[in-house]
Amino acid sequence: MNNVDANGRVKELEATCEDLRRRLSEEKKVKDNFEDLLAALRGELQNASNERDNLRDEVVPQLRARVEGLEAEASEYDNLTYESSKLQQELHALKSENQNLRTIKQASVEEPSTRSTRSSVALSRSNSVTAGSFKLQRAPTGLTRSNTVKGGIESREALSERLKDVEAQRDALHSALKNLLDRQEFQNRENEKKIRVLETERQRLLSDSPRRGGFAKDVSDLQNEIKVLRRRAEDAVNDKFQVEKGLVSLKMDLDRAEGEIASLRALLDEKDILIPPSMARSSSGSNSDAYPVTSESLEAAFKDLQAAYQEALNRIKELEEQGGALVSDERTQLALEKLQHSLSAAIMERDAARQEASDNKTQADTSRFGPSC
Numbered sequence: 001m002n003n004v005d006a007n008g009r010v011k012e013l014e015a016t017c018e019d020l021r022r023r024l025s026e027e028k029k030v031k032d033n034f035e036d037l038l039a040a041l042r043g044e045l046q047n048a049s050n051e052r053d054n055l056r057d058e059v060v061p062q063l064r065a066r067v068e069g070l071e072a073e074a075s076e077y078d079n080l081t082y083e084s085s086k087l088q089q090e091l092h093a094l095k096s097e098n099q100n101l102r103t104i105k106q107a108s109v110e111e112p113s114t115r116s117t118r119s120s121v122a123l124s125r126s127n128s129v130t131a132g133s134f135k136l137q138r139a140p141t142g143l144t145r146s147n148t149v150k151g152g153i154e155s156r157e158a159l160s161e162r163l164k165d166v167e168a169q170r171d172a173l174h175s176a177l178k179n180l181l182d183r184q185e186f187q188n189r190e191n192e193k194k195i196r197v198l199e200t201e202r203q204r205l206l207s208d209s210p211r212r213g214g215f216a217k218d219v220s221d222l223q224n225e226i227k228v229l230r231r232r233a234e235d236a237v238n239d240k241f242q243v244e245k246g247l248v249s250l251k252m253d254l255d256r257a258e259g260e261i262a263s264l265r266a267l268l269d270e271k272d273i274l275i276p277p278s279m280a281r282s283s284s285g286s287n288s289d290a291y292p293v294t295s296e297s298l299e300a301a302f303k304d305l306q307a308a309y310q311e312a313l314n315r316i317k318e319l320e321e322q323g324g325a326l327v328s329d330e331r332t333q334l335a336l337e338k339l340q341h342s343l344s345a346a347i348m349e350r351d352a353a354r355q356e357a358s359d360n361k362t363q364a365d366t367s368r369f370g371p372s373c
């Protein structure tokens with residue numbers, strides 16, 4: 001019964017170890033897949049950051065410079081509009097002044113003719129009164145007339161010069177206003193072209209912005225997923241370390257059990273009566289370097305140990321039937337007690353190794369299915 005129980009426990013322990021190895025390989029594959037996915041996501045994130053840096057360092061400064069240039073041109077356009085309105089006001093004032101000067105000129109031209117008419121009337125009146133005083137009155141009349149004509153000529157020259165100056169200023173103002181209007185029209189055409197270009201650029205950026213917004217959302221989702229995968233990978237690595245630690249402890253237990261079996265074989269070798277032929281061949285041909293410690297070798301050693309124990313008990317019973325001298329031998333009795341103690345210790349260590357393997361299996365199942373839930 002104990003042999004069947006031990007065989008079943010050893011098989012369960014082997015199945016548990018195989019399951020742990022399989023799960024460890026699956027975790028390694030999942031970790032490799034996660035690392036590949038992480039590398040791909042890092043590449044996409046690097047491309048997105050490069051595109052963001054390009055937009056920040058090149059496109060945005062260009063658009064900002066264009067906007068500043070348009071603002072400067074708009075301010076200059078306002079200044080030109082103000083100057084043109086001011087020039088129009090000055091031109092209107094000059095036109096009014098020119099009109100006033102023309103009116104004054106006409107009045108000054110009409111005034112000498114009126115004076116000459118009055119002087120001729122005075123002369124005719126003096127001639128009708130006295131003929132002797134004609135020469136006396138002629139001189140002052142002629143002198144007065146010459147002074148009047150001279151004063152009229154000077155006023156005409158001054159008015160003509162002033163009129164010429166006003167007309168020159170008017171022509172200069174006309175030409176300056178025309179140049180300003182032409183320049184303003186040219187600036188308006190250039191501004192309209194730049195505004196159309198900026199509107200086209202704005203429409204293009206607005207059409208691209210939804211895609212970039214969705215791309216940013218995808219990047220944030222991928223970053224969150226990367227964090228989750230990284231945490232799960234770390235948990236898997238920790239679980240791997242725990243499983244490896246459990247496997248190392250299990251290997252140590254197996255080595256210790258193998259050492260106990262070797263010590264039992266040495267004890268049986270000392271007591272030649274306790275070693276069966278199959279056990280002797282197994283002990284002589286077994287080597288820890290040539291044959292690694294596995295569950296199958298442990299099971300075979302345990303079977304040989306049980307068979308040797310049963311055979312030793314049978315031979316002791318036979319010797320007891322033949323005579324009581326061997327029973328009274330203290331060395332034989334101590335060897336039997338040591339054999340029983342070693343067998344019970346090996347069974348306890350095997351049960352402890354099985355329990356530890358079961359705990360490792362439970363822990364691996366919990367760590368594997370815990371993060372996914």
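Number 373 in UniProt numbering belongs to position 373 of the sequence shown; there are no gaps in the numbering.
Backbone N, C-alpha and C fix where the C-beta goes; we use that ideal spot for every residue, glycine too.
Rounded distance between the beta-carbons of residue j and residue i, thought under 8 angstroms
i: Leu94; j: Leu180; result: 16 angstroms between Cβ atoms; not a contact.
i: Thr20; j: Val243; result: Checking the displayed sequence, the identity of residue 20 turns out to be Leu instead of Thr. 6 angstroms between Cβ atoms; contact.
i: Leu80; j: Arg183; result: 7 angstroms
i: Glu27; j: Ala236; result: 5 angstroms
i: Leu101; j: Val166; result: 6 angstroms
i: Asp253; j: Ala352; result: 7 angstroms
i: Lys29; j: Ala233; result: Rounded, the Cβ-Cβ distance is 12 angstroms, inconsistent with contact.
Length of the line joining the Cα atoms of residue i and residue j
i: Ser283; j: Asn314; result: Unreliable placement is indicated for Ser283, whose pLDDT of 42 sits below 50; no coordinate value is reported for it.
i: Thr16; j: Arg350; result: 14 angstroms
i: Leu41; j: Ser358; result: 38 angstroms
i: Ser25; j: Glu337; result: 45 angstroms
i: Arg56; j: Ala39; result: 25 angstroms
i: Pro277; j: Arg265; result: Caution applies to Pro277, whose pLDDT of 46 falls short of 50 and renders its modelled position unreliable; the value that the coordinates give is listed next. For Pro277 and Arg265, the distance between alpha carbons rounds to 12 angstroms.
i: Arg23; j: Leu247; result: 13 angstroms
i: Gln187; j: Glu110; result: 51 angstroms
i: Asn33; j: Met348; result: 42 angstroms
i: Ser160; j: Gly69; result: 49 angstroms
i: Lys135; j: Ala107; result: Any answer about Lys135 is weak, because its pLDDT of 40 lies below 50 and its placement is not dependable; what the coordinates show is given next. About 33 angstroms.
i: Glu58; j: Ala48; result: 15 angstroms
i: Glu73; j: Glu83; result: 15 angstroms
i: Asn7; j: Gln363; result: 25 angstroms
i: Gln306; j: Ile261; result: 11 angstroms
i: Pro61; j: Glu44; result: 25 angstroms
i: Lys361; j: Asp239; result: 11 angstroms
i: Lys178; j: Arg156; result: 32 angstroms
i: Ile153; j: Thr103; result: Any reading at Ile153 needs caution, since the residue's pLDDT is 48, under 50, leaving its predicted position unreliable; the model's value is listed next. Cα to Cα, Ile153 sits roughly 17 angstroms from Thr103.
i: Leu222; j: Glu51; result: 18 angstroms
i: Asp78; j: Ala176; result: 17 angstroms
i: Thr366; j: Arg230; result: 18 angstroms
i: Ser207; j: Lys227; result: 32 angstroms
i: Arg162; j: Ser85; result: 25 angstroms
i: Gln310; j: Phe241; result: 42 angstroms
i: Glu258; j: Lys217; result: 60 angstroms
i: Lys251; j: Asp304; result: 21 angstroms
i: Glu71; j: Glu35; result: 52 angstroms
i: residue 378; j: Asn54; result: Residue 378 is absent from the model: the chain starts at 1 and stops at 373.
Nearest neighbour of residue i, chosen from the options [CA to CA]
i: Val197; options: Arg256, Met252, Leu63, Gln89; result: Leu63
i: Glu97; options: Lys164, Ala345, Thr362; result: Lys164
i: Glu225; options: Gln88, Leu37, Ala65; result: Leu37
i: Ser263; options: Lys245, Glu190, His341; result: His341
i: Ser75; options: Asn191, Asn238, Ser249, Ala353; result: Asn191
i: Ser249; options: Lys194, Arg66, Gln355; result: Gln355
i: residue 422; options: Glu201, Glu35, Gln46; result: Outside the displayed range of the chain (1 to 373) lies residue 422, so it cannot be described from this structure.
i: Glu90; options: Gln169, Ala158, Glu35, Lys303; result: Gln169
i: Ala158; options: Val67, Arg9, Ala257, Lys105; result: Lys105
i: Val67; options: Arg189, Asp171, Lys194; result: Lys194
i: Asp171; options: Ala345, His92, Glu201; result: His92
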